[in-house]
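Student: Sequence positions in the sequence shown follow the working numbering and run 645 to 904. Backbone N, C-alpha and C fix where the C-beta goes; we use that ideal spot for every residue, glycine too.
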Amino acid sequence: MEEQTMGEIYSHFAEVYQKGSYPEFSKWILGLLPSLLDKFSLPQSGKLLDLACGEGTFLEGMVLSGWQVSGLDQSSAMLRLAEERLKKTGQPFRLIHDDMRNLNFQNEFDLITCWFDSMNYLLDLTDLENVFNRVFRALKPKGGFLFDMNTLYGLFVRWQQQPMYISQEDEDLLEIHIPSCDYEKSEASLRIILFIRDPQTNQWNRWEEIHTQRAYPMNLIQATLEKAGFQVLARLGNLTEQSPALPNSGRVWFIAQKTA
Numbered sequence: 645m646e647e648q649t650m651g652e653i654y655s656h657f658a659e660v661y662q663k664g665s666y667p668e669f670s671k672w673i674l675g676l677l678p679s680l681l682d683k684f685s686l687p688q689s690g691k692l693l694d695l696a697c698g699e700g701t702f703l704e705g706m707v708l709s710g711w712q713v714s715g716l717d718q719s720s721a722m723l724r725l726a727e728e729r730l731k732k733t734g735q736p737f738r739l740i741h742d743d744m745r746n747l748n749f750q751n752e753f754d755l756i757t758c759w760f761d762s763m764n765y766l767l768d769l770t771d772l773e774n775v776f777n778r779v780f781r782a783l784k785p786k787g788g789f790l791f792d793m794n795t796l797y798g799l800f801v802r803w804q805q806q807p808m809y810i811s812q813e814d815e816d817l818l819e820i821h822i823p824s825c826d827y828e829k830s831e832a833s834l835r836i837i838l839f840i841r842d843p844q845t846n847q848w849n850r851w852e853e854i855h856t857q858r859a860y861p862m863n864l865i866q867a868t869l870e871k872a873g874f875q876v877l878a879r880l881g882n883l884t885e886q887s888p889a890l891p892n893s894g895r896v897w898f899i900a901q902k903t904a
């Protein structure tokens with residue numbers, strides 16, 4: 645199968661994503677974010693940019709909390725869903741159809757976020773460096789940058805625990821996940837096979853997408869953030885308990901600040 649862009653990857657998966665349990669992750673973060681911002685003395689109001697904003701559940705919660713929100717995503721299908729969701733709030737918002745590697749703002753945002761291991765889709769260290777540099781420029785002084793990434797342990801142990809499994813199944817949908825990994829490249833892939841019933845014809849359509857992520861050592865991520873100018877305030881392994889990331893943490897949460 646030819647390599648797919650992020651926009652292509654989510655062209656069929658967007659609706660499935662919205663209907664599944666995936667948005668619950670954003671709702672969970674929304675519940676924990678205020679205490680995190682307070683604990684690390686980060687802005688608790690102002691202008692927010694959510695990178696890889698997806699179908700907009702996180703943006704919806706933030707705009708209803710009084711934030712001025714902007715969202716960026718490569719997937720036009722995801723942005724259509726986000727627009728539908730945000731229009732219902734009656735609040736102003738901005739959605740940007742672009743690649744986070746092209747981010748081009750100067751001192752505009754109080755808070756920038758990137759959730760659900762979206763940074764792991766940056767498969768080259770130079771791309772990660774580029775995005776961190778662009779985020780730094782886009783933040784106001786004292787602005788916060790919060791994101792999570794799958795760790796080496798997360799991709800090479802937790803992702804690989806089952807050779808194949810059913811993620812969702814109902815009368816109109818079957819979603820199958822098949823993980824694999826390439827240790828030499830520090831990459832893991834998730835092959836997602838979708839069987840979706842067309843309500844008009846009652847026929848089943850089959851779609852397939854490959855989601856490839858790269859795991860970076862936590863120390864390298866921190867060094868790259870610091871090279872861009874950030875102060876790393878914390879790297880957490882458990883967001884609920886706000887406890888430090890460990891070698892067997894499947895996910896790491898970085899809390900960083902633009903101090904200059």
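Considering only C-alpha positions, which residue in the set D771, E704, P785 is nearest to G734?
Tutor: Indexing the sequence shown from 1 puts residue 734 at position 90. Checking every option, the nearest Cα to that of G734 belongs to E704.
Student: Check the DSSP bridge columns for V876 and list the partner residues they point to.
Tutor: Residue mapping note: residue 876 aligns to position 232 of the sequence shown, counting from 1. In the DSSP output, where bridge partners are listed per residue, V876 has A900.
Student: Consult DSSP for E647 and reduce its assignment to one of helix, strand or coil.
Tutor: The residue you call residue 647 lines up with position 3 of the sequence shown. Interpretation of E647 is limited by its pLDDT of 48, a score under 50 that renders its predicted location unreliable; no figure is taken from the coordinates.
Student: Using only CA atoms, which one of N863, E813, A832, L693 lies nearest to R841?
Tutor: Walking along the sequence shown from the start, residue 841 turns up at place 197. Residue E813 is the option with its Cα nearest to R841.
Student: Taking the straight line between their C-alpha atoms, what separation do you get for V707 and R745?
Tutor: The residue labelled residue 707 in the question sits at position 63 within the sequence shown. The residue labelled residue 745 in the question sits at position 101 within the sequence shown. Between V707 and R745, the C-alpha separation is close to 25 Å.
Student: In this structure, what does DSSP give as the bridge partners for G715?
Tutor: Numbered from 1 along the sequence shown, position 71 holds the residue referred to as residue 715. According to DSSP, which records beta bridges pairwise, G715 is partnered with D694, L739.
Student: Give me the DSSP bridge partner(s) of F780.
Tutor: As a working mapping, residue 780 is identified with position 136 in the sequence shown. Answer by DSSP bridge pairing: none, since F780 is not bridged.
Student: Under the rule that 16 or more other beta-carbon atoms within 10 Å means buried, what is Y797, buried or exposed?
Tutor: Here residue 797 is taken as the residue at index 153 of the sequence shown, counted from 1. That one is buried.
Student: Alpha carbon to alpha carbon, what distance is there between D826 and Q648?
Tutor: As a working note, residue 648 is residue 4 in the sequence shown. As a working note, residue 826 is residue 182 in the sequence shown. Here Q648 scores only 49 on pLDDT, less than 50, and its place in the model is too uncertain to base an answer on.
Student: So, at 6 Å on beta carbons, what are the nonlocal neighbours of I822 in its own chain, with the 5 sequence-adjacent residues on each side left out?
Tutor: Numbered from 1 along the sequence shown, position 178 holds the residue referred to as residue 822. Cβ neighbours of I822 beyond the five flanking positions: M808, R835.
Student: Quick check on DSSP: helix, strand or coil for G705?
Tutor: Numbered from 1 along the sequence shown, position 61 holds the residue referred to as residue 705. Three-state result, G705: helix.
Student: Determine the direct distance from the alpha carbon of S670 to that of D792, and round the result to whole angstroms.
Tutor: As a first step, residue 792 must be located in the sequence shown, where it is residue number 148. As a first step, residue 670 must be located in the sequence shown, where it is residue number 26. Rounded to whole angstroms, D792 to S670 spans 12 Å at the Cα level.
Student: Report, in whole angstroms, the separation of the C-beta atoms of D694 and T795, which I expect to be a contact under 8 Å.
Tutor: Reading the sequence shown from its first residue, position 50 is the one you call residue 694. Reading the sequence shown from its first residue, position 151 is the one you call residue 795. D694 to T795, Cβ: 22 Å. No contact.
Student: DSSP puts D814 in a beta bridge; with which residues?
Tutor: What you label residue 814 is simply residue 170 of the sequence shown in a count that begins at 1. Paired residue(s): L817.
Student: Taking the alpha-carbon positions, what's the E831 to R802 distance?
Tutor: Translated into the one-based positions of the sequence shown, residue 831 becomes position 187. Translated into the one-based positions of the sequence shown, residue 802 becomes position 158. Cα-Cα distance, rounded: 13 Å.
Student: Specify, as a first and last residue, the run of the beta strand (DSSP E) that W908 falls within.
Tutor: No answer is possible for residue 908: it lies beyond the span of the chain, which begins at 645 and ends at 904.
Student: Suppose contacts are defined by Cβ-Cβ distances below 8 Å. Is L749 in contact with T868 by that definition?
Tutor: Position 105 of the sequence shown, counted from the start, is the residue given in the question as residue 749. Position 224 of the sequence shown, counted from the start, is the residue given in the question as residue 868. According to the sequence shown, residue 749 is Phe rather than Leu. No, they are not a contact pair.
Student: So which of L838, Q804, Y860 has the shortest CA-CA distance to E815?
Tutor: On the sequence shown, position 171 is the one that residue 815 refers to. That would be L838, whose Cα lies nearest to the Cα of E815.
Student: Return the chain-ordered list of same chain residues with a C-beta closer than 6 Å to the C-beta of E852, the five sequence neighbours on each side being excluded.
Tutor: Position 208 of the sequence shown, counting from 1, holds the residue named residue 852. The residues are I837.
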